[in-house]
Each structure stands twice: as structure tokens, then as C-alpha cells.
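Numbering-wise (our numbering), the sequence shown opens with residue 679 and increments by one. We put the CB at the ideal spot given by N, CA and C, even for glycine. Here the structure is laid out as C-alpha cells; the discussion comes afterwards.
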Amino acid sequence: MMKTLLLTLFLTVRLSAQVSLEYYLPNNISYDPSIPTPESFFGFQVGEWHLTPEQIHAYMQALDRASDRITMAPMGTSYEQRQIWLLTITAPENHRTIDALRRQHLALSDPARAATVNVDAMPVVVWMGYSVHGNEPSGSNASPLVAYYLAAAQGPEVEAMLRETIVLLNPSINPDGLNRFATWVNMHKGKQPVADPNSREHNEVWPGGRFNHYWFDPNRDWMPLQHPESRARLEAYYHWMPNVLTDHHEMGTNTTFFFQPGVPSRRNPLTPKRVGELTAAISKYHAEALDRIGALYYSREGFDDFYVGKGSTYPDITGCVGILFEQASSRGHVQESIHGDLTFPFTIRNQFTTSLSTLRAAHAMRKDLLGHQREFFTSALREAERTPVKAYVFGSAGDGGRTYHLLDVLRRHQIEVYELAKQVRVDGKTFEPGSAYIVPTSQRQYRLLTSLFERRTQFDDSLFYDISTWTLPYAFNLPFAELRLFSRDLLGKAIDVPARPAVSAPSLSEAYAVAFEWREYYAPRALYRLQKAGIRAKVATMRFESVTSNGKRWFDYGTILVPLGLQPEKTDTLARVLEVIAREDGVPLHVLTTGLSISGIDLGSANFAALELPKVALVAGPGVSATQVGEAWHLLDQRFRMEVSLIEPSILSRDLSRYNVIVMAGGSYSSVDNDGKESLKRWVENGGTLIAMESATEWVVNNKLATATFRRDTVNRRDTVVAMRPYEHEERYRRALDIAGSIFFTTHDRTHPLLFGYDETPPTVFKTNTLFMDPSNVPYASPLRYTEKPLASGYFHRTHEKRINGAAVANVSALRSGRVILVTDNLNFRAFWFGTNKLFLNALFFGPTIRTSSAR
């Protein structure tokens, strides 16, 4: 009864009667008065306003100055140039020998040294990370309270904990998103708190504060490592190798509080059983702490630890124990919920409370956690000895860019990679020294590297909180193979920091034209540089053999041709741009000395199509998938240095003539009115290229901008006797039909402009939907299709087999002078699906060259 009364009290505290510091802190101990309280620093109590990252960091700096328990240092910067900070909090005597303690701690994760380490006197290391999602702010707003407690709390218990614990506190994992959200809710806060869920305070505008600057979910980037926030965090993680890592989130307003363990059957099978045991033991400390304050909570349901790219799972597979916390969100300062009015201070208090319970658990379980880390890496070597796969080999001579980026990801994860020393032929593939690399499985990161290379199609559970597979060589579209016979003489030079590909710029003294093939990853960036400099370029739609300054050479479909005779006034400009292309893009450049080809088309042939500079508009606004828009924006802006206009759906009703390419990512376009539809149609008819991805393809077809047929579920439920099932299993059966994220094989027509730059091996595509499209009735208009039985890796329910077999991944439709390119999948998934980026870029650069006669 008392707990119920306490719960009601905590939920209904109104901001007009603002809480005191005692509401949050344990009141059975004293606090050092020389340490500034949050209220004395901010001028208001924590929870009264949403703190911005700058406010939080300024307070942390004040604590650093005031306390000999705290040091603070930057880990890196965000896209918006905000500092990402890490506080090291421990006893003063530990600070005096902090680097020696760190080196001693790192020995635990080195199987060659771990046995010599005495854990009896070693501190346990706890990483505390707050609000990776910017609009889940209770974590970051709790971090000043955690830091204040650790700086100011007095007494034997606290001092013993600090002597035997090193706390690494990251107060704002995603400062750009947190700043966006804090600004929104603060600007809509009145003097009288409003709990109405319809109030603007609780309904932030698109894209919201969840994401980073480019609208990526940073909690999915622990494995891909494509963003500066993630790279900085992981570098610091491996600098310390913590024993426990906390990941503080929020969820729906009508929920309560979740802490791990999650659903046992959904744990990644490469995670040792011991991780689950330690997580369960730690959870008892959370339950005890939340019981004391009467907060409702739950565990062992709803969330899982399968995808290694999220913050509470990556630690589990790298020698640490990750703990996810999910707090019901007030999404503002106070909001109605089924449990009563949910206040911001209440949400902060739960995050603070479980931060302290984590520290109590880690301190009490110190030797167990240190012992687990030592055993984790030594047992990894034993498991590697038992596995039949002794190494993975990968690489391609055709594209140094994609190979470089995969090497970069592997090395950031501290996975050992070597140059291949001898030719290897396996599974019908040949891997050559100079272009291929080898990853032996017998290394301390055995579990992580296996998760990155394995192809898994069998699962203990059919439900996934996130994606079901992420096989990296498929993502990078690189040939790879498992080696079951392995010898050390296959290992060449170890890769430390991989070198970006670079080539030499050619002399133009004998040049009739310059050419480069499209297979290199950064060839589109090279072309865009030329076009922005006003240099005319063409693309070869057929193969040809030509005379170069270095002898005869065949050039493939998609070769870019720069004829010097068309632009004699641009010779100096061309030379400067080619220098940049060679140095930064790593695209091999060839000087052609004559326009007469040895075989195939001559350089003046009409089969060289003239190219225009892509002027790209990306539809971005309410209803559209922010993450998919962000993926395309990031790809073009950051990776390929291309200008792209982000336009609201309402802009579609205006004059669109300044653009020649419009991209519609997945989502709903219900806000586009009839004027917008007619305007878009006229724009396409006048020669524009419209690219629609995922669910946008259905909108385009339904509004008669393109012609396509989608394969629906043809089961006639009325003619089927449906067996009764337990009501409690309804969600399980329903969600088992989802495609949470799986990889599929395709077949392709590499002579089609959408597939220029691909070799004989088609790309594997990543699918996160159940949208299936019939191939076009025009035989040339569906250049990329799923194979029959296309599953490469991941979970896939058998009911979808007939619909996916032979379905089109991409269809091209013509509307008078324009083209509409329909793609049912996400070609830029999470910025790490490098293998299909080129298909997307081909649509931008070569879409206008596709003959409309081939798509009618």
C-alpha cells in the first residue's frame, strides 16, 4: 500500500511545486558543501527546464574544477561541432596513478597477459552513457545529479566505492539531437505546466530530436561506425575496456521502467551465457532500488540483445556487460499517462536511481566482473580453436574504396586483419595478394568478427528488436569466403591504419581525352568534381578498346569520357581537378591518345551519352522517413561532396525547374495535395528523373506517375479454416511475418545504366519491408531482380517466398520525356551498405540517359 501511495506521489508532483535536491538524492549521507549543486549553478532545479548539452557540460567543468574526484576531457566533436565529453570519476589516489591503472586493466583483455593480473586490488570500470536519443532526455538530465553525487557524497560507503571503481561518464552521447529537443520543449513551456498530450510541447516537429545532425539513430551505429560521435565513443571504449556499460533511454509515456535482462531467447548466440548471468545478478540491485522509491518496472520482455550495433549489445560481445534502461517519457515537463501525470523530475529520478544501483552492483560484484572480462577473451580463443572456420578472406582489385572502408571498420573494432600473402582459391573464387585481405578467427575478438562475417539463417526466436543480420562483406559488395584450411604463411603485413586509395594524376600533353571507369566507389565524386568545374563529360553505354598512353585497354560500361577537344579553354582547370581526383578519390585515370577505338565504339559515337550536372532535391518533411532522408543526405553531402536541396513536400506544388533529379525516400506523402501531384507529374514529363524508394514507390504508382504492379498476400482468409491460437501469442505470430532486416541475392543486367560499375557478381540488397514488385512488362526495364530462393542471410518467413522469388528490386518507368525509377529497398541503409550506394548514385547521374523507349 505504501509503495502505491509513493508511486502516485512521485507521478503527480507538479512543476508549480518544484522538487528539491533531496527528491533525487539519498538523504542518509552528507554532501561536501564546497561542491556546487546543480541548482546553484543553473539557477533552477534539475527537471524544471530541459538542460542543453552546453549547460550540462559547463556544470561538469565546474565539478572538474571543484572536485579532486573528477577529471573531464573531450572525446571528439559532433557534426555540429559540439564537444563530446567523458568524465573520469574515482578516488583522488586513483587519479594520481590513473594511466597505470588503465594499462593494468587492459591486460585483462589480453589473453597473453590476463593470467598474471591480480584482480583483488583492481578497480572495476563502469561506463555510464546518457541519452543516445536526443528526445529521450531524462538520462542526460540525470547526469549532473550523478556527477554531483559522486563528487560531493561523503561517508565510508561512497569513499570505498570510489577507491574500487573508476566511473567513465558520458553525459550526452548525442548532443546535437539533445540540443534540438531541449530547445523545442523549453520554447513551448509556460509558467503553468500543461499535461495535455495534444499540447505542442509534447509533439516536436519533424524530424525531431531523436537523431544526430544527419537524422541517423546513433544507437544503431556501434557496429557500422559511420559517424563521428560513434567513432569517438568507441575509441574511448577501447582505451579503457569497461566492465559494465549503461545505456539510458526512454520509451512510450504509458509504460513504466525497463531494465535488462531482455528476452532470453533473443540474445545473440555468440554472447557467452555468463553475460546473461551477470546481467540478471545486476538487475536485482535495480529492483531493490526502485522498490524503495515505489517505481513500477519490468524486465525480461520487450527488448533483446541480438544486433551487435546497439549500445547495450555491443558491450556483451566485447568483454563487458551492457545494461539497457528504458524510462517512460514525459516528452516535455509533464504529461498525462495511464498512471497519472508523469513529470519530468520523476523520469530523471528513476534514471539517477538506477545509475547508483549500477554502481552499487558493480562495486559488490567487482571481482566477478573483472574475472568475467579475463575469461571472456581467453575463452574466445578456445572457441576459435573449435570452430571449423579458421579465417575469412575478402577483397577485390576492382574497387579500392569499398575495400578501404571495410578495413577501416574492422580496425576500429580492433579486429586483426592482414594482407593476403599468397593466392587463395576457394568456393570458385580467387583472391590475390595485393587486393585481398585475411582475418584469422583465432584472435581475442573472435566473437565480434564472427558476428560481422557470418551468414545466419537459423534462429531460436523469430522476433527481433532490430535487424536480423549485417554480414559486412555483403554490405560492401566484396567477394569473400570462409577458410577451413589455414596456415600462418597466408598472413602478410598486419594492417594498422588502412591507407586511403590514391593514384597519380596523368600528364595531358598527349591527351585526346581522359577516361576513368565507374567501378571505383568514389568515381561519382570524381565526375561531380569535373561537372562542378564546368568540364563536359560523357558516359560509355557500350564497351570499347582504346589506345592509352600506357598501351591498349578495354573500358567497361559506364566509363566516363572527358574529351579535351570539347573544352580547350578548360585544360588548366581539368589538370587541377584531375590532381584532386587522383589524390582524394583514388580513381585511376587514363589518357586516351586517339578517338579511334581498336574495338567497340569510337569516342565520337552516339553511344557516349552526354551527362548533365545532377541538381538534386530530396523531399524531407512530415510523413517522410527521417532516417532514410538522412541516409541519402549524408551520402551525397558528406561522402560525395554533392549539393542537395532538402525540400518540404509542400514545395512540390511550386516551380521545380531548378532540379533535374528529385528523390522520394520511404514514408507517407499524404500531405502532398493535388497541385503538388500535378506539378510533379509535369516536371517528370518535361524530362525530370524521379527516384522513389521503399514505400514511396507505392505512392508514385498510386498517383499514376509510374506503372508497376505489387505482389500482395493472396491468401483468402474467408476460405480458410483458421485454427485457434493462444491470445497471449498474438504479437509473436504477427511480428514473425516481418522482415526486420535481411540480405538477399539478386540478378542484374550490368549493361543497364542503373548497374554501371558493377561486375559480373550482382550486389546483395538489404531489405526491411515486405514490399514486392513484379518485373516490368518491358524486358529492359527491370535491371535488378531477386533470384529464385534469394535469402543470403537473416530471418525470412516462408510465407513470403513466392512473392519475393524473381521480384523486381528496381523498375524504370517512362512518362513522356522523363524517367521514374522505383526501388523497393533502401540502397543507403545506415550509411554502411556501401554495395548498393552506386545503384542510387547511378540513378542520379545516369537516370536521364536511360532511353525512354526502354521503359514504356
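query, result
"What residues in its chain sit with their C-beta under 8 angstroms from that of E1537, if we drop five residues either side in the sequence?", "Within the shown structure, residues of the chain are numbered from 679 to 1534, placing residue 1537 beyond reach of any answer."
"Unbroken alpha helix (DSSP H) runs of length 4 or more, entirely within the region 1246-1297: which are they?", "1249-1258"
"Would you please state the rounded distance, in angstroms, between the beta carbons of Q1013 and H880? I believe it to be under 8 angstroms.", "6 angstroms"
"By a C-beta neighbour count over all protein chains shown, 10 Å radius and 16 as the cutoff for buried, is R1395 buried or exposed?", "Annotation note: pLDDT 49 at R1395 (below 50); position unreliable, coordinate value reported separately. So R1395 counts as exposed."
"Using only alpha-carbon positions, find the residue among F859, K869, D899, Q904 that is nearest to E882.", "F859"
"Sort L847, L1084, M839 by Cα distance to D742 and report the nearest one.", "L847"
"For F1518, which three-state DSSP category applies?", "helix"
"Give the DSSP bridge partners of K1107, in chain order.", "V1104"
"From L823, Q739, P815, pick the residue whose C-alpha is nearest to that of S698; which is it?", "L823"
"Under a CB-based cut-off of 8 angstroms, is E955 close to chain B?", "You won't find chain B in this structure, because it holds only one protein chain."
"Which of the three DSSP states is assigned to D1138 in this structure?", "coil"
"Any chance you could list the beta strand (DSSP E) runs of at least 3 consecutive residues sitting entirely within the region 901-987, in chain order?", "922-929, 935-937"
"Is W727 helix, strand or coil when you go by DSSP?", "strand"
"Roughly how many angstroms lie between the CA atoms of P1266 and S1277, to the nearest whole one?", "21 angstroms"
"Between the alpha carbons of T730 and S818, how many angstroms are there, rounded?", "9 angstroms"
"What's the C-alpha gap between S1007 and Y826?", "23 angstroms"
"If we count the other Cβ atoms within 10 Å of its Cβ and call it buried at 16 or more, is R1413 buried or exposed?", "exposed"
"Quick one, are the C-beta atoms of E1004 and E928 less than 8 angstroms apart?", "yes"
"Measure the C-alpha to C-alpha separation of E1160 and R1125 and round it to an integer number of angstroms.", "15 angstroms"
"Taking C-alpha atoms, which residue in G1106, T1219, D1077 lies nearest to N1155?", "D1077"
"Determine the direct distance from the alpha carbon of R1534 to that of G1354, and round the result to whole angstroms.", "24 angstroms"
"If the criterion is Cβ atoms closer than 8 angstroms, does the pair D982 and F1142 meet it?", "yes"
"Which residues in the same chain as Y1082 place their Cβ atom closer than 7 angstroms to its Cβ, once the five residues preceding and following it in sequence are excluded?", "P1176, R1178, P1179"
"Distance check for G725 and L1519, CA to CA, integer angstroms please.", "46 angstroms"
"With C-beta atoms as the reference, is S756 less than 8 angstroms away from M919?", "no"
"Any idea if N852 is buried or exposed, counting beta-carbon neighbours within 10 angstroms, 16 or more meaning buried?", "buried"
"How about Y975 and F937: do their beta carbons lie closer than 8 angstroms?", "yes"
"Could you check which residue in N932, A1075, S1185 has the C-alpha nearest to that of R1197?", "A1075"
"Roughly how far, in whole angstroms, is the beta-carbon of S1460 from the beta-carbon of P1453, given that I think they are within contact range, below 8 angstroms?", "4 angstroms"
"In chain order, what residues of the same chain lie with their CB nearer than 6 angstroms to the CB of Y916, ignoring the 5 residues before and after it?", "Q1092"
"Suppose you measure from the CA of G1073 to the CA of V986; what does that come to, to the nearest Å?", "23 angstroms"
"Do three or more CB pairs link the region 1249-1263 to the region 1320-1332 at distances below 8 angstroms?", "no"
"Near H811, which residues of its chain fall below 6 angstroms by C-beta distance, leaving aside the five closest residues on each side in sequence?", "R888"
"Looking at the unbroken alpha helix (DSSP H) that takes in I1026, where does it start and where does it end?", "1022-1042"
"Rank E1466, H1478, G1472, E1376 by C-alpha distance to the C-alpha of N1489 and give the top, closest one.", "E1376"
"Quick one, which of A1492, L1500, G1301 has its alpha-carbon nearest R1541's?", "Absent from the model: residue 1541. The displayed extent of the chain is 679 to 1534, so no value can be given."
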